[in-house]
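One structure below.
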Amino acid sequence: LTASISGGTWASANTAIATVSASGVVTAVASGSVSIDYTIPASGACPAVVSHYTITVTNPSAPATISGTNTLCVGSTSTLTASISGGTWASANTAIATVSASGVVTAVASGSVSIDYTLPASGACPAVVSHYTITVTSPSSPATISGTNTLCVGSTSTLTASISGGTWASANTAIATVSASGVVTAVAAGSVSIDYTIPASGACPAVVSHYTITISSTNSPFANNNQTFCAETNPTLSNIAITGTSITWYANTTTNISLPSNTILTNNTTYYASQTINGCESTRTPVTVTILNDGFYSYASAITLAINNSNTTFNTTAQSSETTTAIQNEINPGGNYLINQNLGNFNPNSGTLKITSGEIKTHKSIGNVCSAKMYYRIYQNTAVPSGFNNLNLPIIANCIDTNSDGLQDTFEDGFGPCGTNDQKWKNYNINVDLTQGLCSGSYILEVYYSYTGSNCSATMCDTTKYIYNTSGSYFTATFSINATPAPSVNSPINTCQNSTPVALSAVGNNIKWYTSATGGVGSAIAPIPDTSIAGTFTYYATQTQNGCESTRTPIVVTIQSALNAGVINGQNSVCIGNSTSYTSSVLGGFWASSDVNIATIDNNGLLTAVSSGNVTITYTLNGNGICPSVNSTKSIIVKPLIPTATIQGNNTLCVNTNTLLTASIAGGTWSSSNSSIATVTSTGQVQAINTGMATIYYTLPGNGTCSGTIASFQITIYNSLSAGVISGTSYLCVNDSTTLSSTISSGTWSSSNNAIATVDNNGIVHAIKSGNVTITYTVTGNSPCGTTAQSNYYITIFNLPKPNPLAGKLCIDPTTGLAVNAITLHSYLDATQHSFTWMDQLGNVVGTSANLTVTIPGDYTILAQNTITGCISDPVTVNVGAIEQPDVIFEVSDYFEDNQSITIIPKGNINPNEFIYSIDNSPFQSSNVFENVATGTHTITIKNPEGCVDKTITAFVINYPKYFTPNGDGVHDTWYIKNMNLLGNSKITIFDRYNAVVRIINNPYQSWDGTANGVLLPASDYWFVIEYTENNQPKVFKSHFSLKR
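Per the UniProt record's numbering, the very first residue in the sequence shown carries number 1; after that it's consecutive.
Structure (structure tokens):
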């Protein structure tokens, strides 16, 4: 403490709480409040004067003990506890782990981190920080398993994992096992999980990947073990009846060579079949086959046709198949085969072509014959064939032995020869009229047969066979049906347009009428031609006999167009004395006038107007014998002539002056013979344009028939003095120039405002600043119409755009040499009204927007153009500098002082004023010195004012506790100096008030519990000496503290 008046003495009112030295140094002994007194001694008769100063002494907090898990896996949490409540939790590196206010630690990334628990400052005692190191481990990623996920029982497959070092296991070895190398063996049908385990790492548990495999087994296919086939069907393996999926045939139970499905079956042979489901093949099922030979066939057939009431039999036998007895075909002599036979021509529905009978001869050996049929169809040779009709051929007779010689030789109906087991199938009662329902055309008759029996059974009817011709086609014949004659008609017919219509007629039976040569539906009502439409129209008539309709007979009806005198073309009115021609759209007629006193017209249509009035002209076209005469008329008006007006007014003018002309008759229009010399308005106002002579006309319009009249008036124009017309640029940017010119030479130039723009004698204008300026061109002379003339030209001057980008600095990572941030250079111009070009220091264009974001240090230049005015700015260059992350150290003022400071010093030739500084997340300051820093570890953050190049270091301040209370309450029970381990070769020697050594501490982590040789020492002041190294210099610090009980 210091006093404002010297010469006094210091004293403590309670030395148990605080003592004070003669120089005013107060030493805190125990918590409490104490008055420190300063006494100025008596002077003469005046008594001593005492000043009081109250000091409050606070006990320092003891460091808390932290308990909890010291290893974690990334993503997991753990709760830490502190032995002393009331503190706050913090992580030294939140990128590795974070900690909540309640001490819940969350692992973020692998690494080691200090979790700090800070007990707040108490009175003058600083905050106390306890540290707890936690190691965070990253969990292993699950492996990806690849391989086959379906197997058949007994097969194997190798699985692979994307991460090595794991172990394989099966969740159910009764279904599948797996080896250490991942080879899976299928044991039984079902699904099983094959697991791959990556072992635990640090605090992170083992990671298991699962892969499901389905094991399948397949039953044998089902089939009758003995199956029979007929030889004539050439049976193959595909004909064996068997139930299963993806059947495979083998010659025995062991071979791996399969048989194709088209393998021909052989008698008394056993074949073996398996089925495959989901890739799994079953065991094999045996099937033994028996082959039976051919059992029945046909050896002869025929058809009988009644042609014009005379029966003719045609052979329809494909070939002779009888092998047991050499016999002849007794049905018909050879050669008369029904193959492309022409049967002749027949009338429709005449019954002159019929089918009367048909027959088949069959033979059976080991088989059976059950029934027989004959099929026929008729169709026109140009039509698509329809389906077949069928006729049953019932059995007539079996072959019997008529002469008792032991050999069968005659059918039961008395006809022969025949052999054993021969049968005859015949229908004699067929009466099919082939002409029924047929009309004119060429027709085709097609025939074939079928018979049903069994090749292998004497009782079954399971096989149908067919009889075709030797080429495998139908038996055929052709015939024709005669056409029905057409009706008689009257054609052609001629009539006039719009005459009375009459119905058409035709002679024949059942007449039908059509409007086209083909198609359509006929009508029994005779058509009545429509005479309102001229042209040629064709109608068609048919007659029907015996149900067949004839071809269509045309009737041509021509309706001649009615005569038309046409439309008279020509003027509706004519002026007296004029002639005009009239024409008609139809030639060949003659002309006439209704009143020759008003107008006459000759045979060529030339009309001459005689007097005013109305007249009608007629054009007549004579009839042609079919259509009558017709005429056309037109009304004509004959009109009087138009008079000529008189013009009055001034006949001389100067250029750019005017005068008004008047006419004696109203209703006319004004015009100029040369509008480049003089123009005239609709009211007669004449405007002088150029020197010369011009004629002004006044035109009275015609009345629609008679031509108008024109009056003329000549005017002479004299030249007035002119400065001409100025041409050049109307818009300039500041500092731009342009040259103006006039159509008149020898004039002088001037500017209305030389502060905005100047102009020289050559008309060169130079823009000074923005604004509007008038450039005047003056010409002088001596003319009757004036001595001075001027022309003005208006120019607008626009300012140049002024981009104003500001310099900045990039933060450079010293490791990569790359910027860790980006700087945006702003043009500060409206992007909707400007275009931009940014260039780097090499002249490369690097941007065209209003702003440019850069990540590379250097000079950047901007040019901006106003898109409305076209003005381009002067180039503006700005520098983007680079800031590298500094390497810094810190210095602490003398340890153990009451008010210690930390100074941050950048290494190298770096000015510390280029950075700002923060301690323990406090607001940044420009000074690199932190004053009155509390004891403990502190985090210092350094960055430049632009906000980049963060640098974080850890600094520490060491001081000693002023007292301790070894009473076993867990608070200040020992005297301990934190962070002594950060000092090199430290040693603490503690003395009692009698200068006796009570404890020597060489271990920086060791504390003193207030005992000596196991004996509790009394409450008192104790002195200590610390020997340590600071900044490589040996130092000694001496002071004292209090032991309170």
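Even glycine gets a Cβ: it sits at the ideal position worked out from N, Cα and C.
These numbers come from a predicted model, not from an experiment.
query, result
"Would you tell me roughly how many angstroms separate the C-alpha atoms of Trp-749 and Asp-760, rounded to the nearest one?", "7 Å"
"Taking its Cβ as the centre, do 16 or more other Cβ atoms sit within 10 Å of Ala-688, making it buried, or is it exposed?", "buried"
"Whole angstroms are fine: how far does the CA of Glu-446 sit from the CA of Glu-330?", "Its pLDDT being 35, under 50, Glu-330 is placed unreliably by the model, and nothing is read from it."
"State the start and end residues of the unbroken beta strand (DSSP E) segment that holds Gln-687.", "685-688"
"Between which residues of its own chain and Val-998 is the CB-CB distance below 6 Å, once the five residues before and five after are set aside?", "Ile-990, Asp-992, Ala-1012"
"Tell me Phe-836's beta-bridge partners as DSSP assigns them.", "Ala-864"
"Is there a C-beta anywhere in chain B that falls below 7 Å from the one on Ala-241?", "Given the protein chain composition of this structure (a single chain), no chain B is represented."
"Give the DSSP-derived three-state secondary structure of Pro-286 in the structure shown.", "strand"
"Tell me the DSSP bridge mates of Thr-824?", "Thr-853"
"Assess, as a yes-or-no matter, whether the region 424-438 is touched by the region 372-387 under the definition of 3 or more beta carbon pairs within less than 8 Å.", "yes"
"Give the range of the beta strand (DSSP E) segment to which His-972 is assigned.", "Where His-972 is concerned, there is no enclosing beta strand (DSSP E), given that its DSSP letter is neither H nor E."
"List the residues that DSSP assigns as beta-bridge partners of Thr-263.", "Answer by DSSP bridge pairing: none, since Thr-263 is not bridged."
"Beta-carbon within less than 6 Å of residue 1095's beta-carbon, same chain only, minus the 5 sequence neighbours each way: which residues are those?", "Outside the modelled stretch of the chain, which goes from 1 to 1045, sits residue 1095, for which no answer is possible."
"Would the beta-carbon of Ser-873 fall within 7 Å of that of Pro-803?", "yes"
"Classify Asn-494 as helix, strand or coil using the three-state DSSP reduction.", "strand"
"Can you tell me the Cα-Cα spacing of Thr-796 and Ile-764, whole angstroms?", "15 Å"
"Using the Cα positions of Lys-426 and Ala-231, report the straight-line distance between them to the nearest angstrom.", "29 Å"
"Secondary structure at Pro-1034, three-state DSSP: helix, strand or coil?", "strand"
"Do Ser-785 and Cys-871 have their C-beta atoms within less than 7 Å of each other?", "Just to set this straight, residue 785 is Cys in the shown sequence, not Ser. Cβ distance not < 7 Å, so Cys-785 and Cys-871 don't count as in contact."
"Give the C-beta separation of Ile-36 and Leu-1 to the nearest angstrom, bearing in mind that I take them to be a contact with Cβ-Cβ under 8 Å.", "6 Å"
"Could you tell me which residues DSSP puts in a beta bridge with Met-374?", "Leu-391, Tyr-449"
"Rounded to the nearest angstrom, how far is the Cβ of Ala-955 from that of Ile-902, given a contact under 8 Å?", "5 Å"
"With distances taken Cα to Cα, identify the nearest neighbour of Val-680 among Thr-118, Ser-712, Ser-130, Val-49.", "Ser-712"
"Could you tell me the boundaries of the beta strand (DSSP E) in which Leu-151 lies?", "150-152"
"On the criterion of 16 or more Cβ atoms from any shown chain inside 10 Å, does Val-20 qualify as buried, or is it exposed?", "buried"
"Would you kindly report the start and end of the unbroken beta strand (DSSP E) that includes Asp-116?", "111-119"
"Any idea what DSSP makes of Thr-233, helix, strand or coil?", "helix"
"Going by DSSP, which residues form a beta bridge with Gln-790?", "Thr-778"
"In this structure, does DSSP put Ser-238 in helix, strand or coil?", "helix"
"Helix, strand or coil, according to DSSP, for Leu-982 in the structure here?", "helix"
"In chain order, what residues of the same chain have a beta carbon less than 6 Å from the beta carbon of residue 1049, not counting five sequence neighbours either side?", "The shown model of the chain, from 1 to 1045, leaves out residue 1049, and the question about it has no answer."
"Look at the alpha carbon of Thr-542 and the alpha carbon of Thr-551, and state the distance between them as a whole number of angstroms.", "6 Å"
"Going by the beta-carbon positions, is the gap between Thr-58 and Ser-31 smaller than 7 Å?", "yes"
"Looking at C-beta atoms only, is the number of pairs between the region 622-642 and the region 650-662 that lie closer than 8 Å three or more?", "no"
"With 16 other CB atoms within 10 Å as the buried threshold, where does Tyr-1028 fall?", "buried"
"Taking a contact to mean a Cβ-Cβ separation below 7 Å, would you say Val-876 touches Ile-862 in this structure?", "yes"
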